[in-house]
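Undergrad: One rule links them: number in the working numbering = place in the sequence shown (from 1) + 95. Beta carbons: idealized from backbone N, C-alpha and C, even for Gly. A single structure is presented below for examination.
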Amino acid sequence: MAEKINVSLYGGQVGITFYPDSHRYKLEGEKNWLISATACTGIVDKSRFLIPWAVNLATEHMKKWLEENPGPYLPGQILPVIDEAAKQHEIRKEQAASIGDLVHAFAESTAMVCIHGGEIPPIPEDADPKLVAGIKAFLDWYVQNDVKFIHAEKIVYSRKHGYVGIVDSIAKVNGRLMLIDYKTSKAVYNEHRYQVAGYREAYEEENGKLDGVLILHFDKETGECGVHELTDDDHSKDLPAFLACYALKQREKELSK
């Protein structure tokens, strides 16, 4: 991966340097790191979703072990199992992140091929079934719609507000100019809406009006692709929420110095 990538925006009036390894950005001529849209919405609390999920994983792990290992138990036998149960959410999260990254990479590669030419990469024969399901879901969506990719992994920057981000793709979908964001999380959360609102605002500031936003959510368990369209009305409501996240992130950054 490149050590840094320089991009020119706003007709050469703005230069952004992107550091892929740390996923950070700097404005040309500035020393401080820019705040990304992802960092802004990362401040939204998701614990109300994640805590029950983590508790359920630990419970299921313990139940399975107890069913397979009838008692009585010595403390030396049961304590390591409790420790394992407590780590199940971390293990599952790492597995899901890996698969999600690979599905995202495949979608990105496909968009790049469509824009610049070449062949869509094949699905590895020994790939995890959940990865295969995610890739097939993306390809099904692509084949079932008239999709013409225009940009992939496009850096956007808001001169008005000062944040930066990377848009997964911009494409004409069934004749409509859409910003597309890929999600391979458990569900589409509110923070995802706020994040793409930030992307849309920055893109439109430089390039003009979009027809809308599509969040493509790939369910790693079933292989289904959920298409979530966000309209102008959604954007008008989600953008203030994003900007509130941005303001909070800015203040947190100031107070941490």
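Mapping the DSSP letters down to three states, classify Arg271 as helix, strand or coil.
TA: Three-state result, Arg271: strand.
Undergrad: From Lys344 to Gly171, what distance separates their C-alpha atoms?
TA: The alpha-carbon atoms of Lys344 and Gly171 are separated by roughly 45 Å.
Undergrad: For the candidate residues Thr326, Glu319, Val102, Gly321, whose alpha-carbon lies nearest to that of Thr305?
TA: Before going further, note that residue 305 is Leu rather than Thr in the sequence given. When only C-alpha atoms are compared, the closest one is Thr326.
Undergrad: Which ranges would you report for the beta strand (DSSP E) in the stretch 185-257 if only whole runs of at least 3 residues count?
TA: Here the runs fully enclosed are 242-252.
Undergrad: Can you grab the Cα-Cα spacing for the pair Lys225 / Phe201, in whole Å?
TA: Lys225 and Phe201: Cα-Cα distance of roughly 14 Å.
Undergrad: For Asp235, count neighbouring Cβ atoms within 10 angstroms of its own Cβ and tell me buried if that reaches 16, exposed if not.
TA: Answer is exposed; the Cβ neighbour count stays below 16.
Undergrad: Nearest to Val198 by CA position, among Lys281, Val208, Ile230, Ala181, is which residue?
TA: Answer by Cα proximity: Ile230.
Undergrad: If I follow the unbroken beta strand (DSSP E) through Glu301, where does it start and stop?
TA: First-last for Glu301: 285-302, but that is the alpha helix (DSSP H), not the beta strand (DSSP E).
Undergrad: To which residues of the same chain is Tyr295 closer than 7 Å at the C-beta, ignoring the five residues directly before and after it?
TA: Reading off the sequence shown, one finds Arg at residue 295, where the question assumed Tyr. Around Arg295: Leu274, Leu305, Val308, His330.
Undergrad: Val259 and Asp276 look like a contact to me (Cβ under 8 Å); what is the Cβ gap, rounded to whole Å?
TA: Between Asp276 and Val259 the Cβ distance is about 15 Å, and since that is not below 8 Å, they are no contact.
Undergrad: Hey, how far is the Cα of Tyr387 from the Cα of Asp196?
TA: Residue 387 lies beyond the residue range present for the chain, which begins at 96 and ends at 352; the question has no answer from this structure.
Undergrad: So, for Asn151: in the same chain, excluding its five sequence neighbours on each side, which residues have a beta-carbon less than 7 Å away from its beta-carbon?
TA: Cβ within range, chain order: n/a, list empty.
Undergrad: Could you check the C-alpha separation between Gln190 and Ser280 for me, to the nearest Å?
TA: Residue confidence is low: Gln190 scores 49 on pLDDT, short of 50, so the model does not pin down where it sits. Its coordinate-derived value is still stated next. Their Cα atoms are separated by approximately 12 Å.
Undergrad: Is Lys278 near His246, with beta carbons less than 8 Å apart?
TA: Taking 8 Å as the Cβ cut-off, Lys278 and His246 do not qualify as a contacting pair.
Undergrad: With a threshold of 16 other CB atoms inside 10 Å of the CB of Ala342, please say whether the residue is buried or exposed.
TA: Flag for Ala342 reads exposed.
Undergrad: Under the rule that 16 or more other beta-carbon atoms within 10 Å means buried, what is Asp241, buried or exposed?
TA: Flag for Asp241 reads exposed.
Undergrad: Taking the straight line between their C-alpha atoms, what separation do you get for Ala192 and Thr112?
TA: Caution is warranted here: a pLDDT of 47 is assigned to Ala192, below 50, making its placement in the model unreliable, and no coordinate value can be reported.
Undergrad: Pop quiz: Thr136 and Cys340 are said to be a contact at Cβ under 8 Å. What is the actual Cβ separation, rounded to whole angstroms?
TA: Right, their Cβ atoms sit about 5 Å apart.
Undergrad: Return helix, strand or coil for Asn101, following the three-state DSSP convention.
TA: Strand, per DSSP.
Undergrad: Could you tell me which residues DSSP pairs with Ile323 in its beta bridges?
TA: A small correction: the amino acid at residue 323 is His; Ile does not occupy that position in the sequence shown. DSSP, once it has assigned bridges, lists Ile310 as partnering His323.
Undergrad: Along the chain, where does the beta strand (DSSP E) containing Thr112 start, and where does it finish?
TA: Per DSSP, Thr112 belongs to the beta strand (DSSP E) from 109-114.
Undergrad: According to DSSP, is Leu122 helix, strand or coil?
TA: Reduced to three states, the DSSP call for Leu122 is strand.
Undergrad: Would you list the one or two residues that DSSP bridges to Tyr277?
TA: Looking at the DSSP assignment, Tyr277 forms a beta bridge with Leu311.
Undergrad: Only counting the same chain, and skipping five residues up and downstream in sequence, which positions put a Cβ closer than 8 Å to that of Ile194?
TA: Same-chain partners within the cutoff: Asp223, Lys225, Leu226, Gly229, Thr279, Lys315.
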